[in-house]
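In the order they appear, the protein sequences are chains A and B. Here this note's numbering is used: the first residue of the first sequence is 84, the next is one more, and so on. Here this note's numbering is used: the first residue of the second sequence is 84, the next is one more, and so on. One structure is given below, encoded as structure tokens.
Number of protein chains: 2
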Amino acid sequence: QEDAQFEVGKAKAKVCMTCHGEDGISTLDPYPNLRGQKMGYLVSSLKDYKARERTSGLAILMQQQADALTDQDIEDISYYFSQLGQDTQP
Amino acid sequence: QEDAQFEVGKAKAKVCMTCHGEDGISTLDPYPNLRGQKMGYLVSSLKDYKARERTSGLAILMQQQADALTDQDIEDISYYFSQLGQDTQP
Numbered sequence: 084q085e086d087a088q089f090e091v092g093k094a095k096a097k098v099c100m101t102c103h104g105e106d107g108i109s110t111l112d113p114y115p116n117l118r119g120q121k122m123g124y125l126v127s128s129l130k131d132y133k134a135r136e137r138t139s140g141l142a143i144l145m146q147q148q149a150d151a152l153t154d155q156d157i158e159d160i161s162y163y164f165s166q167l168g169q170d171t172q173p
Numbered sequence: 084q085e086d087a088q089f090e091v092g093k094a095k096a097k098v099c100m101t102c103h104g105e106d107g108i109s110t111l112d113p114y115p116n117l118r119g120q121k122m123g124y125l126v127s128s129l130k131d132y133k134a135r136e137r138t139s140g141l142a143i144l145m146q147q148q149a150d151a152l153t154d155q156d157i158e159d160i161s162y163y164f165s166q167l168g169q170d171t172q173p
């Protein structure tokens, strides 16, 4: 049931919300908004941090975050943010 | 006059719109939406591509795009997309 993934993703995204905001609008200029972002892009971005394909300044902070996530976590968290602000959002 | 930068950025962003959409909502799942994204994040992302700090799959395509941009282009294009969907948008 799709809503379940939204709730699971929301729970897993707690730590992300510190910088990216609970509604996916980030708290500071250098941090991207994630609200309604494309799920495929969110998944590939997180995997890039894990694979050290993103290495500039703040990337190091995100590498640590991504390292703690399983592939399923990445899917659920990406799904959550991608659904924010969409009409289909439960 | 701030609107000038919006218009200049819009003109410079023509090529970006092919994948990222004229309104900043991307045409395909792997490409990020840029609509209303934080300007600081857009600027740092483009500079990361130029500096080869982003190197995974699609990054190579973006490296070529970023290589063609001056710092001013990066500021103007980032400003344009960051303003889309904001109430202050001219």
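For glycine and all other residues, C-beta sits at the position ideal for the given N, C-alpha and C.
Ordered along the chain, which non-local residues of its own chain (more than five positions away) have a Cβ less than 7 Å from that of residue i?
i, result
"L167 (chain A)", "D106, G107, R118, G119"
"Q88 (chain B)", "D159, Y162"
"K95 (chain B)", "D156, D159, I160"
"G92 (chain A)", "D159, I160, Y162, Y163"
"P113 (chain A)", "L141"
"S165 (chain B)", "G119, Q120, K121, M122, L125"
"D150 (chain B)", "K133"
Taking only beta-carbon positions, decide if residue i is within less than 8 Å of chain A.
i, result
"A149 (chain B)", "no"
"D159 (chain B)", "no"
"T138 (chain B)", "yes"
"D170 (chain B)", "no"
"D112 (chain B)", "yes"
"A134 (chain B)", "yes"
"A54 (chain B)", "Absent from the structure is residue 54 (chain B), since the part of chain B shown begins at 84 and ends at 173."
Under 8 Å, Cβ to Cβ, is there at least one residue of chain B near residue i?
i, result
"Q122 (chain A)", "For the record, residue 122 (chain A) in the displayed sequence is Met; it is not Gln. At least one chain B Cβ lies under 8 Å of M122 (chain A)."
"G119 (chain A)", "yes"
"A87 (chain A)", "no"
"D106 (chain A)", "no"
"D131 (chain A)", "yes"
DSSP puts residue i in a beta bridge; with which residues?
i, result
"R137 (chain A)", "B:R137"
Leaving aside the five residues before and after residue i along the sequence, list all residues of the same chain whose C-beta is less than 8 Å from its C-beta, in chain order.
i, result
"N116 (chain B)", "H103, G104, G107, I108, S109"
Helix, strand or coil: which one does DSSP assign to residue i?
i, result
"S109 (chain B)", "coil"
"G123 (chain A)", "helix"
"A142 (chain A)", "helix"
"G168 (chain B)", "coil"
"T153 (chain B)", "coil"
"L117 (chain B)", "coil"
"G92 (chain A)", "helix"
Using C-beta distances below 6 Å, list every residue in its chain close to residue i, excluding the 5 sequence neighbours before and after it, in chain order.
i, result
"E136 (chain A)", "none"
"D170 (chain A)", "none"
Should the stretch 127-145 of chain B be regarded as contacting the stretch 139-148 of chain A, the criterion being three or more beta carbon pairs within less than 8 Å?
yes
Per the contact definition of three or more C-beta pairs closer than 8 Å, is the stretch 144-162 of chain A in contact with the stretch 84-102 of chain A?
yes
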